[in-house]
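Trainee:
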Amino acid sequence: MDKRIAIIGAGAMGGYFGGQMAQAGMDVVMFDAWPEHVETVRRDGLSLEELDSDARAVVHPDIRHLSQVQELIREHPVDIAFIAVKSYDTRWATEMILPYMARDGAIVSLQNSFNEPEIAQIAGPSATFGCAIAALACDMIAPGRIKRMSPRGHVNVGAMDPARIGACDGIARALAHAEDVDVMQDLPGIKWSKLVVNSMRNGLSGMTGMTGLERDTTPVTIELGMRLGAQTVRVGRALDYGLVDTAYSFDALVAAEDGDTGAAAEIRAAMARIAGGRSADQRPSMAQDIRKGRRTETDAINGLVARRGQEMGIDCAPHEKVHRIIRRIERGELSPAPELAEGIL
């Protein structure tokens, strides 16, 4: 029997992966909080649009309102549940799906930040798994329409409990319908490695209003991004996480902050190369949230690095400043502007 898969949060990321799984014929049900999105997909299907191409697929997945989760009590238990909501919604989403999980089911974070410890508090370490998506960017451009904004990349998958690493194979097979997948042994390491890149990009676009392309081709945000990334690497290493280079060399990031001009040039070149492969309109999640007047994930990205850095005795003042600025923008006290980045440097 095929694995029964549930996706909690069918937005840009959850909807993209869930749509690809549905297109491949997997037994997947998606739940989302946006009524218009759910009803549009039910009526017209889910449009999955590719980067810089007219190519698209329209799939008709099983999608339901969040209020319908309890219907699962009459259905086959869920073998794999992907949590694809915002980081601050992790707890309730995990608690909501937990009663419908199979005895040996897997709850998988398909999110920004490092939310697996919170999931493990609720579901137990043996049921907790995570993904680090290195380069995928998707936008929900309208109800029922998701557009990929980056080339095909890869996903790292790991288990909170090393004894359950074998269960990652089923998770990897599901995700492989959208991205290339590797199973990794060190879940904290792969999640913090992704956070390095996310902490360099997400908050900066949010506070400046820049697209990803603008951010990675503007001198002030390039320099600030490198500094943020280096500090996140230092904190991860102090926590003894097994970091794995993702978009950039982590050694080069640290060396650049220490004044190595060759290392800085290497990072700038990598930024330019990656920027050239993305859609010019791509904006990371915090920038999208700010444009829509929503709460961001700053607590779980730059705010998290600042807190853990303080615990480890590492100066992460730029992360704290980015975090505070984003908070003020959320409250309407500031508007996004490039000058806000200049004030941090």
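Numbering (my numbering), first residue to last: 960 to 1304. Every residue, glycine too, gets a C-beta built ideally from N, C-alpha and C.
#1: With DSSP as the reference, please indicate the residues paired to residue 1106 in a beta bridge.
#2: Short check: CB of residue 1114 to CB of residue 1133, under 8 Å?
#3: Identify, in the order they occur along the chain, each residue of the same chain with its Cβ nearer than 6 Å to the Cβ of residue 983, setting aside the five sequence neighbours on each side.
#4: Is residue 1007 buried or exposed, if buried means 16 or more other CB atoms sit within 10 Å of its CB?
#5: Could you give the residue range of the alpha helix (DSSP H) that holds residue 1245?
#6: Helix, strand or coil: how does DSSP classify residue 985 here?
#7: Please say whether residue 1268 and residue 1194 have beta carbons closer to each other than 8 Å?
#8: So residue 997 packs on residue 1024, CB below 8 Å; how close in whole Å?
#9: Note down the Cα distance separating residue 1079 from residue 1119, rounded to an integer number of angstroms.
#10: Determine the direct distance from the alpha carbon of residue 1223 to that of residue 992, and round the result to whole angstroms.
#11: DSSP has residue 1089 in a bridge; who is on the other side?
#12: If residue 1064 sits next to residue 1086, beta carbons under 8 Å apart, how far is it from one beta carbon to the other, in whole angstroms?
#13: Spell out the partners DSSP gives residue 1042 in its beta bridges.
#14: Assuming residue 1231 and residue 1215 make a contact with CB atoms under 8 Å, what is their CB distance in whole Å?
#15: What are the residues that DSSP puts in a beta bridge with residue 1024?
#16: For residue 1099 versus residue 1010, is the C-beta spacing smaller than 8 Å?
#17: Rounded to whole angstroms, what's the CA-CA distance from residue 1174 to residue 1103? Just pull it up for me.
#18: State the start and end residues of the unbroken beta strand (DSSP E) segment that holds residue 1139.
#19: Applying the 10 Å Cβ sphere with the 16-neighbour rule, what's the burial state of residue 1149?
#20: With H, G and I counted as helix, E and B as strand and the rest as coil, what does DSSP make of residue 1017?
#21: Taking all protein chains shown into account, do 16 or more other C-beta atoms lie within 10 angstroms of the C-beta of residue 1162, making it buried, or fewer, making it exposed?
#22: Would residue 1146 and residue 1236 be called neighbours here (beta carbons separated by less than 8 Å)?
#23: Give the list of continuous alpha helix (DSSP H) stretches no shorter than 4 residues that lie fully inside the region 1138-1191.
#24: Please classify residue 1180 as buried or exposed, where buried requires at least 16 other C-beta atoms within 10 Å of its C-beta.
#25: Where does residue 1061 fall in DSSP's three states?
#26: Do residue 1053 and residue 1081 have their C-beta atoms closer together than 8 Å?
#27: Does DSSP put residue 1037 in a helix, a strand or coil?
Mentor: So, to answer that:
#1: Residue pairing of residue 1106 in beta bridges, as defined by DSSP: 1008 and 1098.
#2: no
#3: 1136
#4: buried
#5: It spans 1244-1250 - the alpha helix (DSSP H) in which residue 1245 sits, taken as one unbroken run.
#6: In the three-state DSSP reduction, residue 985 falls in the coil class, being neither helix nor strand.
#7: yes
#8: 5 Å
#9: Linking residue 1079 to residue 1119 through their CA atoms gives a straight-line distance of about 8 Å.
#10: 43 Å
#11: 1068 and 1117
#12: 6 Å
#13: 967 and 1068
#14: Not a contact, Cβ separation roughly 15 Å.
#15: 991
#16: Not in contact: residue 1099 and residue 1010 (Cβ atoms no closer than 8 Å).
#17: 28 Å
#18: 1139-1142
#19: buried
#20: strand
#21: buried
#22: no
#23: 1146-1167 and 1171-1174
#24: buried
#25: strand
#26: Going by C-beta atoms, residue 1053 is nearer than 8 Å to residue 1081.
#27: strand
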